[in-house]
Amino acid sequence: MNDKPKRYISIDLELEQSSTNVQCPDSAITEERIIQVGAVVFELTKETEPLILKTECINIYYPYRLSNFISKLCNIKSDDLLNSEETVLTAVKRLCDLRTEFDTSRILVQWGGGDDVALNKESAGGLHSFGRSAYNAKHLYQLYKTANNKPTSGGLKAALKALNMQFVPVVIGKRQYGAHNAAADALNTARIFNALINKISHREQVCVNPVSPQE
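First residue of the sequence shown? That's 1373 in our numbering, and the numbers climb one at a time after it.
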């Protein structure tokens, strides 16, 4: 039996959208760009909540003023990015360092698809020490709901509520951040992943320990 702790890194990204997005006509760019990377190192537990080992919120240097929509949605000030010395490449290096420091899985965890792809693209293949794909907690949730003949629609907040959980904000410095902050979304992705793994584990135990038929 393998008693080694099962540790993972959940990630989330916030992106400035292009000026072609109808909600961001004041954007200074013509192609979406990563402006914040959230990462949470966690260990699976058999309890409701995972063991959180590290939470990171990395603001990425961005030389322009953010579009009003993204600034308000993500609660990010343009100066937070303008004064940052971080790049997507240094953020990815930080993920690699966290994987080594905490001996986590090579497979990242994310809500929905594409964050790992975007990180790898903007860092020119910097995620090479991780797996070629990530665990999509949203798909895991949808499969769980499908198996139990329940509706599968909804975002992260709605999915947590359906599992009798609440979205938990994070505190960075003296400010509290909720949904659409990369660290907060990564934290809640870790929480729902842990909850779903426990539900899958329970179902498997039921299947592999059937009641013996009467002779």
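For each residue, glycine too, the CB sits at the ideal point set by N, CA and C.
Inspect the beta-carbon positions of VAL1412 and ILE1430 and report whether they are closer than 8 Å. Position 40 of the sequence shown holds residue 1412. Position 58 of the sequence shown holds residue 1430. Against a cut-off of 8 Å, the Cβ pair of ILE1430 and VAL1412 comes out as no contact.
Rounded separation between ASP1375 and GLU1415 - CA only: Counted from its first residue, the sequence shown places residue 1375 at position 3. Counted from its first residue, the sequence shown places residue 1415 at position 43. Those two C-alpha atoms are separated by around 12 Å.
CA-CA distance, VAL1489 and LYS1465? In the sequence shown, residue 1489 corresponds to position 117, counting from 1. In the sequence shown, residue 1465 corresponds to position 93, counting from 1. Going by the C-alpha atoms only, they are around 15 Å apart.
May I have a chain-ordered list of the beta strand (DSSP E) segments no shorter than 3 residues that lie completely inside the stretch 1417-1458? 1423-1431
How close, in whole Å, do the beta carbons of ASN1560 and PHE1539 come, if the pair is a contact with beta carbons under 8 Å? Translated into the one-based positions of the sequence shown, residue 1560 becomes position 188. Translated into the one-based positions of the sequence shown, residue 1539 becomes position 167. A Cβ-Cβ distance of about 6 Å is found for the pair ASN1560 and PHE1539, placing them in contact under the 8 Å criterion.
Whether VAL1481 touches ALA1509 by CB criterion (8 Å): The sequence position of residue 1481 within the sequence shown is 109, counting from 1. The sequence position of residue 1509 within the sequence shown is 137, counting from 1. At the C-beta level, VAL1481 and ALA1509 come within 8 Å of one another.
Rounded to whole angstroms, what's the CA-CA distance from TYR1516 to LEU1491? Just pull it up for me. Position 144 of the sequence shown, counting from 1, holds the residue named residue 1516. Position 119 of the sequence shown, counting from 1, holds the residue named residue 1491. Approximately 28 Å, taken between the alpha carbons.
Tell me, which residues are paired with VAL1481 by DSSP? Working through the sequence shown from its first residue, we reach residue 1481 at position 109. Answer by DSSP bridge pairing, in chain order: SER1382 and TYR1507.
Anyone know if the C-beta pair for SER1563 and GLU1421 falls short of 8 Å? Locating residue 1563 in the sequence shown gives position 191, counting from the first residue. Locating residue 1421 in the sequence shown gives position 49, counting from the first residue. In the sequence on display, residue 1563 carries Arg and not Ser. Yes, Cβ-Cβ distance for ARG1563 and GLU1421 is below 8 Å.
Beta strand (DSSP E) runs wholly inside the stretch 1528-1553, at least 3 long, in chain order: 1542-1544 and 1547-1549
How about the stretch 1452-1463 and the stretch 1513-1530: do they share at least three Cβ pairs that are nearer than 8 Å? no
How would you label TYR1513, buried or exposed, when you count the other beta carbons within 10 angstroms and need 16 or more for buried? Working through the sequence shown from its first residue, we reach residue 1513 at position 141. Buried, by the Cβ-count rule.
What first and last residue would you give for the alpha helix (DSSP H) that runs through PHE1474? Here the question's residue 1474 lines up with position 102 in the sequence shown. It spans 1460-1474 - the alpha helix (DSSP H) in which PHE1474 sits, taken as one unbroken run.
If you run the structure through DSSP and keep just helix, strand and coil, what is GLN1408? Along the sequence shown, one-based indexing puts residue 1408 at 36. Here GLN1408 sits in strand by DSSP.
My assumption, with CB atoms under 8 Å, is that GLU1428 sits in contact with ALA1555. Please give the rounded CB distance. Looking up residue 1428 in the sequence shown gives position 56. Looking up residue 1555 in the sequence shown gives position 183. Indeed, because the Cβ distance is near 7 Å, the residues count as touching under 8 Å.
Identify the residues that DSSP records as bridge partners of VAL1413: which are they? In the sequence shown, counting from the first residue as 1, residue 1413 sits at position 41. VAL1413 pairs with ILE1381 and LYS1426.
Just the C-alpha distance for SER1342 and SER1477, rounded to the nearest angstrom, thanks. Given a span of 1373 to 1587 for the chain in the structure shown, any question on residue 1342 remains unanswerable.
Using the C-alpha atoms, what's the distance from ASN1521 back to LEU1438? Start at 1 with the first residue of the sequence shown, and residue 1438 comes out as number 66. Start at 1 with the first residue of the sequence shown, and residue 1521 comes out as number 149. Whole-angstrom Cα-Cα distance: 42 Å.
What do you get for GLU1473, buried or exposed, if any count of 16 or more other CB atoms within 10 angstroms of its CB means buried? Counted from its first residue, the sequence shown places residue 1473 at position 101. Around the Cβ of GLU1473, a 10 Å sphere holds fewer than 16 other Cβ atoms; the residue is exposed.
DSSP three-state label for GLU1403, please. As a position in the sequence shown, residue 1403 is number 31, starting the count at 1. The answer is coil: DSSP assigns GLU1403 none of H, G, I, E or B.
What's the C-alpha gap between GLY1503 and ILE1479? Numbered from its first residue, the sequence shown carries residue 1503 at position 131. Numbered from its first residue, the sequence shown carries residue 1479 at position 107. Approximately 5 Å between the Cα atoms of the pair.
CB contact flag (ASP1384, ASP1487, <8 Å): As a first step, residue 1384 is located in the sequence shown; it is residue number 12 there, counting from the start. As a first step, residue 1487 is located in the sequence shown; it is residue number 115 there, counting from the start. Closer than 8 Å, so yes.
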